[in-house]
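Asker: Dumping the structure here so I can ask a few things about it.
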Amino acid sequence: MKTFIAYQLLEAIKKEHLSRTALAKRLETSRAAVNRLLDPENESITLLTLKRAANVLGKKLKLELV
Numbered sequence: 002m003k004t005f006i007a008y009q010l011l012e013a014i015k016k017e018h019l020s021r022t023a024l025a026k027r028l029e030t031s032r033a034a035v036n037r038l039l040d041p042e043n044e045s046i047t048l049l050t051l052k053r054a055a056n057v058l059g060k061k062l063k064l065e066l067v
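Dropping the structure here:
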């Protein structure tokens, strides 16, 4: 799941022509935190952080139990 979300975030960043540093500024966090957010193998990211990143990129986070 995190791999898929990280991929989608990376695609949104590319579409917006946004650097990781610029994203960090928008999220009011460090670039290291953004690197953790975009690391598909790092599963320690909170839902709140994912939601904030999605909002900054003009997206919505949607999780489902199926």
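Following our numbering, the numbering of the sequence shown begins with 2 at its first residue and continues without gaps.
No residue lacks a Cβ here, since even glycine has one placed at the ideal position from N, Cα and C.
1. When DSSP labels each residue in this structure, what does residue 12 get in the three-state scheme?
2. For residue 35, count neighbouring Cβ atoms within 10 angstroms of its own Cβ and tell me buried if that reaches 16, exposed if not.
3. Would the beta-carbon of residue 52 fall within 8 angstroms of that of residue 13?
4. Which of the three DSSP states, helix, strand or coil, is assigned to residue 4?
Answerer: Reading off the structure:
1. Here residue 12 sits in helix by DSSP.
2. So residue 35 counts as buried.
3. When the beta-carbon positions are compared, residue 52 and residue 13 stay at least 8 angstroms from each other.
4. Reduced to three states, the DSSP call for residue 4 is helix.
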